[in-house]
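Report on the following structure.
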Amino acid sequence: MYLNCHSYHSLRYGTLSIDDLISQALALGIKELVLTDINTVTGVYEFKKKCEENNIRPIVGVEVRKGSELYYITIAKEFRGLAEVNKMLTSYNCDKIELPLQPELAYNFILYPLSNIPDNLQENEYVGIYEDELNLLIRPEYNKLLSKMVILCPITFSTKKEYNLHRILRAIDNNTLLSKLAEKEVCRKSEYFRSVDSICRIYRHYPEIIENTQKLLSKCSFEFAFSIPRNRKHYTGTKADDLKLLTRLACAGLERRYGRNHEVATQRIEKELKVIDELNFSGYFLITWDIIRYSNSMGFMHVGRGSGANSIVAYCLGITDICPIELDLYFERFLNLNRKSPPDFDIDWSWQERDIILDYIFNRYGKEYVAFCGTNVEFKYRSIIREVGKAFGLPKEELDELSKNPERVFRDDIVKQVQKYGKLLEKFPNQRSMHSCGIIISEEPLTNFTGLEMPPKGFPIVQWDMHAGEEIGFEKFDILSQRGLGTINDTVRLLEEKRGIKVNIKDTTISKDEVKCNEYLSQGRTIGCFYIESPAMRGLLRRLKCDNYKVLVAASSIIRPGVAQSGMMREYIFRHNNPDQFEYFHPVFEEQLGETYGIMVYQEDVIKIALHYGGVSAADGDILRRAMSGKGRSLSALQKVKDDFFASCRKKGHPEELSREIYRQIESFAGYSFCKAHSASYAVESYQSLYLKVYYPLEFMVSAINNRGGFYRTEVYVHEAKMSGGKIMNPCVNKSEYETTIYGDEIYLGLMLLEKVESKLAQLIPQERRRNGEYKSLEDFIKRIPIGIETLQTLIFIGAFRFSGVPKNELLLKARVLLGEFKPEKKFQTLFEEPIKEYKFPELKRNVFEDAFDEIEILSFPVSCTPFDLLQTKYRGTVMAKNLTAHHKKEVKMLAYLISRKHVPTKQGTMFFGTWIDANGNYFDTAHFPDCLEKFPFQGGGCYLLLGIVEVDFHFPTITITKMAKMPFIADPRYSHDEEKKYEAEQRIREDVSMTFRAPYPQEYEIGLPRKKNIS
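In numbering that gives the first Met the number 0, the protein residues as written are 0 to 1015.
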């Protein structure tokens, strides 16, 4: 009887999850349900699975609305009925074709409300009658339609509390107060589950309507086979031709990569091709190769990573640059006959080039067959509190307070209501969005399975997420972008443009294992380099004395939370530095993980230990693989693996305590670890960027600034360029480009760094200069560039007219006289046609530090001096960063400028790790424990006096802070007579703060297993 059930996938309308719908139907003995969410099929596949698990017959459709107006409800007679509706919705969502008022949907039943009955009802069209409309059926115009009427008892909520929740969702959707919510925007108060008998009693005077409803339901079915591969099957058209082409390409690449007669590589290629063919993955490999081929034809740089990088076929096709033989990559992690899904190829491009690649994929494989995966963006408690509060009419001040302290106990009844309903909405889907990188390329038109939607980014998305997609039978291609590749690309282009130097950075042999690069690596001199620039990574590199590619590959995985959460990162560092002072947990660890000192570092290591120590089956190993990749969502499947692991360990006679500890380590990897090939891919890119930093530091840092990415703020990369010998110049209208640029060793900061200068104007200034020559004066600039007084003042303050030799004070007076109250849109048609009057301006003297404070106000950091030069104190500390290793266990006092701090949870409370530079510009690190932070907290960016004890941990010094105080700047000389503004600019000095939300890592004593040999 329930032809119109809404789940919470009817966004900002329904209040029931699929599980809620089914459990409530079960409790009432309901045997068939129709899911008809509003304009979406998001939940239909989950609905089908869960209904059948509970012996409920699933039927599906869509409730079609425009805004709040119900047009009709479609109910699919069979699976292809969904495709009809999906096509219609896709045309509306993506092509702006209006929804028809009477659609032609042959494989659907269509139910119209009384308010929207067409003149002529077709055979498959009915009128849905709500229980509160039964009294209208005495009218002749309705009574004659009894033979076409069915019961309409929608389901939207389950309790009075949830009805209120529905109203709140509608208020949020309409951006209005609950008190002003229109009646047409909310559902009826009767839209909850009741028994079938009670519904029949309500409609008992119209048995024909009951019978029509039952007949309609009996004619509907939803047959669908899950997990049948639905990706595009073939590249060439047939399986045989795909294999032939793949084999030819692989063999050509084999000779290019390894030369002729390389027996090991040949054997591995043959083995892989056999498995690829058996698993029907040839088309998947060729489609990936085709995308890379196009990228290469455009001169783009890419990085191929993911488990697919374990493949020698992928290496020979040029998809990846990782040699699986060199790194002894584990073939079974990449492909095995238990694996039903193709391997992951995560392909990175520069953020500037990814959209070109996406356009190619959509055009090459057809827009009907290609779309991004969707994601459900859920309500988060802090943000939803604000939304719910607005619906209740709370003023902004109260909303701000509530958002900051959402858990605080309030006396106000309305605030309590806001908190209560906010909690209920947590984890509800709020809107559909685009997956960051996952693309589906389908064998059939995607509308056979989903409606498509068009988000603002301009690429269509499916209506379900990647997990639902995998269950249906789709595997995504991951097309990613990153700024690290942009930095590498831009450096190579800049070198050719400015110095005529051509660097073939794609040739990984020129950058991998360079002696000078390895020196930088072991010293942690890697700021600006992809993936290895963060304080934690630089500290790890120094602790490992990382001086070669293979150790860097390991470090790239060790830094991930999986290894750290297991407590084994620290143990790896110890074993790496003391290879003769530890014992393996068990002989299997020595045999399988000898290269990593018996520590599980990569996903493959976990599978090896599960198979060879735990004795689990290959199928269980594949479940573990999916869990580590963040894909396995079945808790019951994982529990079975765990049970099998311990049962097998007991059979093998392993000590229970050891088995528990090993499984604890295995569990810590879930969703937070890399496969070895993925780490190796990262390491190659890290080396490429490091090579450019070592040999071309100025061009590299300019590119890092321009790509606006990385761990640190712009100021840090400017500092790095300065430390590498660059002369940093403020923006200049005659020298600067939109982006930062370089002339010899002079680096001119880009106009894009000036926040108060609009982007269009910042681009126009160099464009006009290239067209009509350099600006001769301030007057000439004003004549050629439409600019307002405030923007012009910003350019003057930053020194952009210093070429004129006119002091800033005089330029400011001139600007005000010349522009007056003119706005930028005025084109000054006549102002400068006559000669400019000469004015005699008074001579004003400037303090030496006024420029620095101008720079801080505009850029947030000084350029013409260092932050240390602006301090009231002349003290610079007793020890400098370069000498810290000589002060192990000693107290030191240092003056330092704060670069970044990282929040770390501990069992005692919050602590921070700080990164600083000393007065010489060298970096060092600090640790701030909770008890110290209570007395001596951070107070924003700037310089601090630090007191602490040096702890040298495997070659890496850290100062454990006992006291610290922020040191004041001199008064701003620009405001010498304004007490309020004297110290305002100092507040603009920034710091980088990164937060960590995870459980504290276990300490050594908590792991409790003997690992080190007793050294006599």
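Glycine is no exception: its CB is placed at the ideal position from the N, C-alpha and C atoms.
Note that this is a predicted model, so its numbers are computed, not measured.
Under the three-state reduction of DSSP output, R229 falls in the coil class, being neither helix nor strand. Distances from the alpha-carbon of Q871 to those of D779, G908, P730 and C942 put C942 closest. A Cβ-Cβ contact shorter than 9 Å links S281 with D241. C-alpha of F699 to C-alpha of A880: approximately 25 Å in a straight line. Counting only the Cα atoms, Y380 lies some 26 Å from F46.
Here S349 is buried. Its C-beta has 16 or more other C-beta atoms within 10 Å. Between D604 and the set A895, F573, C250 and M567, the nearest pair of CA atoms involves M567. The straight-line gap separating the alpha-carbon atoms of C199 and I355 is approximately 59 Å. Counting other Cβ atoms within 10 Å of its Cβ, I21 reaches 16 or more and is therefore classed as buried.
The DSSP assignment places complete alpha helix (DSSP H) segments of no fewer than 4 residues inside the segment 108-164 at 139-142, in order along the chain. Among the bridge pairs identified by DSSP, G593 is matched with none.
Per DSSP, S402 is not a residue of any beta strand (DSSP E); the alpha helix (DSSP H) it occupies stretches across K395 to K403.
Across the set T486, Y571 and Q762, the C-alpha of T486 shows the shortest separation from the C-alpha of G709. With respect to G421, N706 sits apart: the two C-beta atoms are not nearer than 9 Å. Under the DSSP assignment, F344 falls outside any beta strand (DSSP E); it carries neither an H nor an E label.
Bounds of any beta strand (DSSP E) do not take in S22; it lies within the alpha helix (DSSP H) bounded by I17 to A26.
Assigned with DSSP and collapsed to three states, Y571 falls in helix. Bridge pairing for W915: L897 and F923 [DSSP].
Counting the other CB atoms within 10 Å of its CB gives G307 a total of 16 or more, which places it among the buried residues. Non-local beta-carbon contacts of R64 in its own chain, meaning distances under 7 Å to residues more than five positions away in sequence, involve I37, N38 and Y70 in chain order.
In its chain, beyond the 5 residues on either side, K183 and E184 have a beta carbon closer than 7 Å to the beta carbon of S67.
Excluding its 5 nearest sequence neighbours in each direction, H927 has C-beta neighbours in its own chain below 7 Å: M910, F911, G913 and I960, listed in chain order.
In the same chain as Y874, and ignoring 5 residues on each side of it, the C-beta atoms closer than 8 Å to its own belong to L894 and L944, in chain order.
Of the residues assessed, P428 falls on the buried side of the cut-off, its CB having 16 or more other CB atoms within 10 angstroms. Judged by DSSP in its simplified three-state form, F221 adopts coil rather than helix or strand. Of the residues assessed, D343 falls on the buried side of the cut-off, its CB having 16 or more other CB atoms within 10 angstroms. In the DSSP assignment, the residues bridged to G876 are M893. DSSP links C4 through a beta bridge to L34 and I154. The beta-bridge partner set that DSSP reports for N375 consists of R431. Annotated three-state conformation of I29 is coil, per DSSP. Cβ-Cβ distances below 6 Å link E161 to T14 in the same chain, with the five nearest sequence neighbours on each side left out; the list follows chain order. Between M148 and L136, the gap from beta carbon to beta carbon is short of 9 Å. S685 places its beta carbon less than 9 Å from that of F529. C942: member of the beta strand (DSSP E) spanning C942 to D952, first to last residue. If you draw a straight line from the Cα of R783 to the Cα of E767, it comes to about 8 Å.
With contact defined as three or more Cβ pairs closer than 8 Å, the segment 287-306 and the segment 662-682 are in contact.
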